[in-house]
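**Q**
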Amino acid sequence: PSTGIIDSHALMLSLLGDAEAAGASLAFGACVSSIAAYEGAAAIAFDGDDEPVLKARLVVNCAGLDAPALANAAGAPAPKAYLAKGSYYSLQGRSPFSRLIYPVPEPGGLGVHLTLDLAGAARFGPDVEWVETRDFDVDPARADGFYESVRRYWPDLRDGALVPAYSGIRPKISGPGEANADFVISPLQEDGRPPMINLFGIESPGLTSCLAIAQEVLQMVQGGFDA
């Protein structure tokens with residue numbers, strides 16, 4: 075078995091560059107107000123306006139945490155969304171490890187594992203914290219749980235070696251106590267609603283599989299429009 079690491083920000087910039095070279099445009103901060111069917115296409119309004127300003131032959135909804143709400147706004151069925159916050163702690167000082175360490179997964183996530191960045195710095199996470207609101211601050215009080223988890227595979231971790239780093243929120247479609255749900259990629263809908271393909275629950279390993287997911291969506295698009 076083998077594993078590896080990437081610069082996720084550089085990957086996104088590279089994909090954006092490829093998309094723009096193919097004629098795509100990226101609009102930051104454009105909040106969708108409504109999506110409605112219009113002459114076989116999707117009419118989309120933004121930023122609180124009622125008047126659509128964009129007509130799309132197809133909408134691919136991969137909005138993460140907001141994907142279920144966006145699908146519902148277009149009249150499409152969507153699974154219930156759950157917010158699972160995951161915090162990370164960084165290791166102060168040099169890491170004694172040269173590879174990634176993944177413990178046995180815990181309910182709701184992969185467990186507090188060790189990853190290295192391209193500079194060799196180590197961080198641990200994510201844990202699982204079911205939340206109702208979006209808050210990306212790392213609670214220092216969660217450090218005790220991190221020490222306990224990490225010392226199961228690194229007993230020599232010293233007190234005070236971990237510092238809060240950052241957090242993220244997984245767009246889960248299975249809740250506390252439920253079996254982990256797989257990714258959901260809905261088929262192209264053309265039943266009087268806006269033409270959409272919806273992606274739900276794309277959490278880890280969504281980044282790892284992003285190119286394969288894109289290929290799957292492309293095949294659905296080609297199959298739907300060629301049918």
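The sequence shown begins at 75 in this note's numbering and counts up by one.
Positions of the beta carbon are idealized from the N, C-alpha and C atoms, including for glycine.
Could you tell me the alpha carbon to alpha carbon distance between Ala301 and Leu285, rounded to whole angstroms?
**A** Reading the sequence shown from its first residue, position 227 is the one you call residue 301. Reading the sequence shown from its first residue, position 211 is the one you call residue 285. A caution first: Ala301 carries a pLDDT of 46, below 50, which makes its placement in the model too unreliable to give a value.
**Q** Using the rule of at least 16 other Cβ atoms within 10 Å of the residue's Cβ for burial, across every protein chain shown, is Ser241 buried or exposed?
**A** Counting from one through the sequence shown, the residue named residue 241 turns up at place 167. When all chains shown are included, Ser241 counts as buried.
**Q** Whose C-beta lies closer than 8 angstroms to the C-beta of Val106 among residues of the same chain, with five residues either side of it excluded?
**A** What you label residue 106 is simply residue 32 of the sequence shown in a count that begins at 1. Excluding sequence neighbours, Val106 sits near Ile118, Ala119, Phe120, Leu144, Ala147.
**Q** Can you tell which of Phe210, Arg225, Asp211, Val202 has the C-alpha that lies nearest to the C-alpha of Gly251?
**A** Indexing the sequence shown from 1 puts residue 251 at position 177. When only C-alpha atoms are compared, the closest one is Val202.
**Q** Take Asp191 as the anchor and find which of Tyr163, Gly183, Ala217 has the nearest alpha-carbon.
**A** Residue numbering aside, residue 191 sits at position 117 when the sequence shown is read from its first letter. Ranking the options by Cα distance to Asp191, first place goes to Tyr163.
**Q** To the nearest angstrom, how far is the alpha carbon of Ala104 from that of Pro279?
**A** Position 30 of the sequence shown, counted from the start, is the residue given in the question as residue 104. Position 205 of the sequence shown, counted from the start, is the residue given in the question as residue 279. About 27 angstroms.
**Q** Based on Cα-Cα distance, which residue from Gln166, Cys136, Ser108 lies nearest to Val127?
**A** Sequence index remark: in the sequence shown, residue 127 carries index 53 (1-based). The candidate whose alpha carbon is nearest that of Val127 is Ser108.
**Q** Can you pull the DSSP bridge partners for His83?
**A** Taking the sequence shown and counting its residues from 1, the one referred to as residue 83 is at position 9. DSSP output for His83 lists no bridge partner at all.
**Q** Using a threshold of 7 angstroms, is the CB atom of Gly160 nearer than that to any non-hydrogen atom of the ligand ADP?
**A** Looking for the ligand ADP in the displayed structure turns up nothing, as the structure carries no ligands at all.
**Q** DSSP three-state label for Ala143, please.
**A** Indexing the sequence shown from 1 puts residue 143 at position 69. The answer is helix: DSSP assigns Ala143 an H, G or I state.
**Q** Thinking Leu139 and Pro245 are a contact (beta carbons under 8 angstroms), I'd like their distance in whole angstroms, please.
**A** Here residue 139 corresponds to residue number 65 of the sequence shown, with the count starting at 1. Here residue 245 corresponds to residue number 171 of the sequence shown, with the count starting at 1. Yes, they are in contact, since the Cβ atoms of Leu139 and Pro245 sit about 5 angstroms apart, within 8 angstroms.
**Q** Tell whether a beta-carbon distance below 8 angstroms holds between Gly131 and Pro269.
**A** For the purposes of this step, residue 131 is taken as the residue at position 57 of the sequence shown. For the purposes of this step, residue 269 is taken as the residue at position 195 of the sequence shown. According to the sequence as given, residue 131 is Arg; it is not Gly. Yes, the pair counts as a contact, with Cβ atoms nearer than the cut-off.
**Q** Starting from the Cα of Arg197, find the closest Cα among Gln296, Leu165, Val212 and give me that residue.
**A** The sequence position of residue 197 within the sequence shown is 123, counting from 1. Minimum Cα distance to Arg197 is reached at Leu165.
**Q** Could you check what DSSP says for Phe120 in three-state terms: helix, strand or coil?
**A** By 1-based counting over the sequence shown, the position of residue 120 is 46. Residue state, collapsed to three classes: strand.
**Q** Under a Cβ-count criterion, where at least 16 other Cβ atoms within 10 Å of its own Cβ denotes burial, should Tyr156 be classed as buried or exposed?
**A** Along the sequence shown, one-based indexing puts residue 156 at 82. Its Cβ being crowded by 16 or more others within 10 Å, Tyr156 is buried.
**Q** DSSP state of Gln166, grouped into three classes?
**A** Locating residue 166 in the sequence shown gives position 92, where the first residue counts as 1. If DSSP states are grouped into helix, strand and coil, Gln166 belongs with coil.
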